[in-house]
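Our numbering numbers the first residue of the sequence shown as 493 and each following residue consecutively. C-beta: ideal position from N, C-alpha, C; glycine also. Shown next, in structure tokens, is the structure this report addresses.
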Amino acid sequence: MATWEDESHAHEVEALVAWTKARDGARGGGVRAPELQRPTCPGGTLRTWASSYGVVALIDDPEDLSALERHLDAWAIAPEIGPSLGNEVGLYLGTVIVKNVPGAGWLAWPNGHPVVRLQSGRDLDVIALADQRLAGEGWDLPTIYTDAASS
Numbered sequence: 493m494a495t496w497e498d499e500s501h502a503h504e505v506e507a508l509v510a511w512t513k514a515r516d517g518a519r520g521g522g523v524r525a526p527e528l529q530r531p532t533c534p535g536g537t538l539r540t541w542a543s544s545y546g547v548v549a550l551i552d553d554p555e556d557l558s559a560l561e562r563h564l565d566a567w568a569i570a571p572e573i574g575p576s577l578g579n580e581v582g583l584y585l586g587t588v589i590v591k592n593v594p595g596a597g598w599l600a601w602p603n604g605h606p607v608v609r610l611q612s613g614r615d616l617d618v619i620a621l622a623d624q625r626l627a628g629e630g631w632d633l634p635t636i637y638t639d640a641a642s643s
């Protein structure tokens, strides 16, 4: 399994989002992600959306998650945002966890799907967690972060 140890996650999403849009196949194990040194940051699209909707500048801080949380339901139904929202939010959530939770790091499962491995050894499928949140079936982003930080 590939791991990413580097803590300098300045910009983490373009290449990753491209293949995570097709992640339904990848989760089955039949599709492999391109070789990546580390996930590329959800900087571009999510930061642009946040800026254009007047959300705080996203600086990979846990407090950003509360600001994003207030906009998720409206964004989920917006045609220009909704289809990519789970990927973008999940990868941003992962970036916040990796940058702020000691011992957390990015990991690619054998099928190439990016997850966050916590110091305890627990893997968080941050994209699935974001998708569950958007479907109204999961925890809010700050709660996911708090759970990760306490593991």
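Check for me: the alpha helix (DSSP H) holding residue i runs from which residue to which?
{"i": "Val581", "result": "574-592"}
{"i": "Gly536", "result": "536-544"}
{"i": "Val618", "result": "618-626"}
{"i": "Pro483", "result": "Examination of residue 483 is not possible in this model, given that the chain is present from 493 through 643 alone."}
{"i": "Asp639", "result": "633-641"}
Looking at the unbroken beta strand (DSSP E) that takes in residue i, where does it start and where does it end?
{"i": "Ala568", "result": "That residue, Ala568, is in no beta strand (DSSP E); its alpha helix (DSSP H) goes 564-568."}
{"i": "Ala600", "result": "597-600"}
{"i": "Pro571", "result": "Pro571 -> no beta strand (DSSP E), and no H or E assigned at all."}
{"i": "Val607", "result": "606-609"}
Please report the distance separating the alpha-carbon of residue i from that of residue j.
{"i": "Asn579", "j": "Ala622", "result": "8 Å"}
{"i": "His605", "j": "Leu538", "result": "20 Å"}
{"i": "Arg614", "j": "Tyr545", "result": "34 Å"}
{"i": "Ala570", "j": "Pro602", "result": "33 Å"}
{"i": "Val590", "j": "Leu616", "result": "11 Å"}
{"i": "Pro575", "j": "Ser643", "result": "31 Å"}
{"i": "Ser543", "j": "Ile573", "result": "13 Å"}
{"i": "Asn592", "j": "Ile636", "result": "13 Å"}
{"i": "Ala566", "j": "Gly597", "result": "30 Å"}
{"i": "Gly628", "j": "Ala559", "result": "18 Å"}
{"i": "Gln624", "j": "Ala600", "result": "20 Å"}
{"i": "Glu504", "j": "Thr540", "result": "A caution first: Glu504 carries a pLDDT of 43, below 50, which makes its placement in the model too unreliable to give a value."}
{"i": "Gly630", "j": "Gly536", "result": "25 Å"}
Name the residue from the options whose alpha carbon lies nearest to the alpha carbon of residue i.
{"i": "Leu626", "options": "Ala559, Thr587, Leu577, Ser558", "result": "Leu577"}
{"i": "Gly595", "options": "Gly536, Ser543, Trp541, Ala641", "result": "Ala641"}
{"i": "Glu555", "options": "Val588, Gly628, Thr540", "result": "Val588"}
Using 8 Å for Cβ pairs, my map puts residue i next to residue j. What's the rounded Cβ distance?
{"i": "Leu557", "j": "Leu585", "result": "7 Å"}
{"i": "Val618", "j": "Gly582", "result": "4 Å"}
{"i": "Asp632", "j": "Glu561", "result": "5 Å"}
*If we count Cβ pairs, one from each stretch, closer than 8 Å, do we get three or more for the stretch 545-563 versus the stretch 602-621?*
With a cut-off of 8 Å, the stretch 602-621 and the stretch 545-563 do not count as touching, because too few Cβ pairs lie within range.
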